[in-house]
Structures are given as C-alpha cells and as structure tokens.
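The structure appears below as structure tokens.
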C-alpha cells in the first residue's frame, strides 16, 4: 500500500485535497505538521500526528515538525474558547528540545537519509516581521470575506457563541498560512497535515501560496479522536496522559491503553501501532472469538508502551500490573520503583504509623486493629488471621507475626491485604 492507501485502511484520513495522492506518487514529498510548544512533553493527543509522520517517513517522504513558537503565543480559534498564555523564548526553546527528544523515539532526525526529519520553530521567521510589513506583504492576498467563511471563525462569531474573537485570534489563520508559504518557498514543502479542525487554517495556507507565488500546495487532515462513548480521547480524571514518564508513569500509560473498550481498541491498534494490516486483522478476529482474554488491548498496550518508553519500562509496567491480579511476591513489590508502586495503589485506603513504634516491633493484631483500621476490631483481626486471609507485602501472615522495619518497602511503606481484593497502604512517618 502507498501512504494514502495505508492511512485510509487505518481510518486516519478525514479530508484530502484533490491532487494530493498524485503529488505523493511522483516521488519523495515534504510535508509538515505543527506542534503546540506550551508544555515540555507531548501527550497522547499528539500521537495521531506523530504516527501520521511515522507512516509518511516509512513511505519514503520527508517530515517537517514546526514548533509553534510564534503561533503558540497567539491562540488558535479552532474549537477553543480562549487564547493561550504567552510563552517566552527561553521556555519555547526548552520545550522544543524536550519534544524533539520524545519524537526521536518514532522519527529519524539524525541519519544521512534524504528524508530525515527536520524540526523548525516558526518564531525564527515570524520575529522579523513588523506589523506593517505583514499586512502589506501577506494580509493583502487574503480577503476578510474568505477568512470569515471558515467554520472555525463562524463558530466563534455566531449567535450561539458565548464570547467573540479577538483580532489576534482572527489573524491566526494568516500566520499559520504564512508558515506554509515560508516552507513551500524555502523547504519545497508541498503538503500540510493536521487534525480535521485545522482544515480551514491549512487551506488558507494553500490559497496564500497560490495567490502570492502561483505554486501548488496540498492539504490532508485526520479525524479528531474521540472515545466510543463520545468522551474526549487522552483525558482521564487526573488529566492528560503524557509521554514524559515523570508526568505519567509507564505503568499508568500502559494501564490507559489496557483499559480501552473493545470498540476503541480495534480502532486504536490501527492508528497507534505500525503493526501490518494482516497481523491486525488476525488479532481483531482472534479477539472476537475470546474477548474476555483482551488480546487486542494487551497487544495495543504492549506495542505503544514499548514504542514510547522501551521494552524495559513495558516489562516493569506489566510486572506491576500483575501485583493486583497475579501471583506477585514481596520481591516483586520491592523491585518496582516508588512512583510505580504508588500508581498501582493509588486510591486504596491509607494509614500512617510512627517509625518509632515500628522499630520496637508491632504485634500483627495491634497493627491491623489498633495502629491502623485495616480490621475493625482485634477479634475480627484474629478471625481473619486464623482464616489465613491476611497478607503483609503479598506474603501470608499468622497470629504470631510481628511487623518490623525490615518489612518496609522503599523505607516507608507496608502493604496490607485482607482477602483477595482489599488493599491498604500503611505509610511510616
């Protein structure tokens, strides 16, 4: 399959300008996508654009990533209700370096290949413009009527809009359009790709190139990602799922993909992995035969966790995920890092005890019913111990057990368990 056929099969095309496929068939073509530099990490919401560029480069074409150092200072009206915060140049540069490092896990930036990727900052060419220079050289080529006709603008100016649009935001499509013009002239960039909400901005760039330079240019967009229940993709109750392991642990990242619905997993495995179609079709068929085994989710979670964080982080996340449902041991608990340990047991009841008390040793019944409230009474604690249903750090304990500092995980945690599913985290202060 060629690039466009591959994307169509994977459900990654929303709109494509006539002539785009023919241009790509001529040979190596350069295309760009824009990335918002407001954070020093990408999140899973960026992954569609990254995977598009992954397929693009694999097809022999050349990707350009534009960090919106200039446009990130303005605010894009597409589907948003307010302007972004201004960023200073130092912050943009720092974020840009961090993003490039993350992208390098997917994209070849460093080889001598003719289609090695490039990362540029649009502030580098926009900062030289004066206001008068911009409206004279660029603004005169696009009419207000043309700009007003864009859906992204009409939504913000319609009667149902809660607030209007600033002049700054209104000019966004011209600024983005100039990026495309600059790249067309200086990097022979023929194609801009983006989310479906960017179609208006992208086609403004195509029109600007045509009117000002008389050159061809093309546009391609992908569908905006939503979950099958209509909720926003990539968001959880605690916020974005980031690619930076300091922001979102590999364990949480793995769990995010593992917990997708059957319907979503069948879509996501096409979009977020580079597994070949035959293998994906076989997986979908296998999953349909035994959905309770969640083969589709497990493969999706493995592939993308390895892609983002590497095999070692995946192995650790998989091992951590076995703690709640598998035959984990005390050694398993001690091997995982503190961030993963806390992520696994996020939300379980917590108790605090004194390290001084622990140094003297705490008899297990007192530990369960007096020092903590793992059990409601000493009598209940004794009955549970006789029934062999109490574990400390995943190891079964009896009535003669004494809990000591040697039981501490990471020097400050003890994991108590009653029955199979009732976990309690004891924090030693």
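Residue numbers (the working numbering): 691 to 1119.
Using N, Cα and C, we set each Cβ at its ideal position, and we do this for glycine too.
This structure is a prediction, so every number in the text was calculated from the model and none was measured.
DSSP three-state assignment for residue i, whether helix, strand or coil
i, result
"residue 705", "strand"
"residue 789", "helix"
"residue 936", "coil"
"residue 842", "helix"
"residue 967", "helix"
"residue 801", "coil"
"residue 772", "Caution applies to residue 772, whose pLDDT of 49 falls short of 50 and renders its modelled position unreliable; the value that the coordinates give is listed next. In this structure, residue 772 counts as coil in the three-state DSSP scheme."
"residue 1074", "helix"
"residue 916", "strand"
"residue 923", "coil"
"residue 750", "coil"
"residue 859", "helix"
"residue 714", "helix"
"residue 1107", "strand"
"residue 974", "helix"
"residue 679", "Limits of the chain in this structure are 691 at one end and 1119 at the other, which puts residue 679 out of reach."
"residue 1035", "coil"
"residue 991", "helix"
"residue 1086", "strand"
"residue 1114", "strand"
"residue 892", "helix"
Proximity to residue i [Cα-Cα], best of the options
i, options, result
"residue 1079", "1064, 1092, 831", "1064"
"residue 735", "750, 925, 839, 876", "925"
"residue 855", "931, 870, 864, 843", "843"
"residue 933", "955, 884, 997", "997"
"residue 788", "846, 819, 725", "725"
"residue 982", "963, 971, 948", "948"
"residue 838", "1100, 913, 945, 864", "864"
"residue 858", "836, 835, 821", "821"
"residue 1106", "957, 1059, 794", "1059"
"residue 803", "781, 749, 810, 778", "749"
"residue 1102", "700, 1112, 1048, 1108", "1048"
"residue 954", "966, 977, 891", "977"
"residue 721", "902, 727, 742, 729", "742"
Rounded C-alpha distance that separates residue i from residue j
i, j, result
"residue 1004", "residue 905", "47 Å"
"residue 833", "residue 980", "58 Å"
"residue 873", "residue 732", "23 Å"
"residue 1041", "residue 928", "22 Å"
"residue 866", "residue 702", "23 Å"
"residue 830", "residue 817", "20 Å"
"residue 708", "residue 1036", "51 Å"
"residue 1088", "residue 1030", "29 Å"
"residue 1022", "residue 1118", "20 Å"
"residue 758", "residue 814", "10 Å"
"residue 790", "residue 808", "10 Å"
"residue 1024", "residue 1100", "7 Å"
"residue 1120", "residue 952", "Examination of residue 1120 is not possible in this model, given that the chain is present from 691 through 1119 alone."
"residue 942", "residue 1033", "7 Å"
"residue 1104", "residue 935", "25 Å"
"residue 796", "residue 886", "23 Å"
C-beta contact flag for residue i and residue j at 8 Å
i, j, result
"residue 911", "residue 883", "yes"
"residue 871", "residue 848", "no"
"residue 718", "residue 745", "no"
"residue 747", "residue 908", "no"
"residue 800", "residue 756", "no"
"residue 1120", "residue 868", "Since the first residue shown for the chain is 691 and the last is 1119, residue 1120 is missing from the structure and cannot be characterised."
"residue 1062", "residue 1043", "yes"
"residue 740", "residue 961", "no"
Per-residue burial, residue i [other beta carbons within 10 Å of its own, 16 or more giving buried]
i, result
"residue 753", "buried"
"residue 1014", "exposed"
"residue 939", "buried"
"residue 694", "buried"
"residue 853", "exposed"
"residue 891", "buried"
Below-8 Å beta-carbon distance, residue i vs any chain C residue
i, result
"residue 875", "Here chain C cannot be found, since the structure has a single protein chain."
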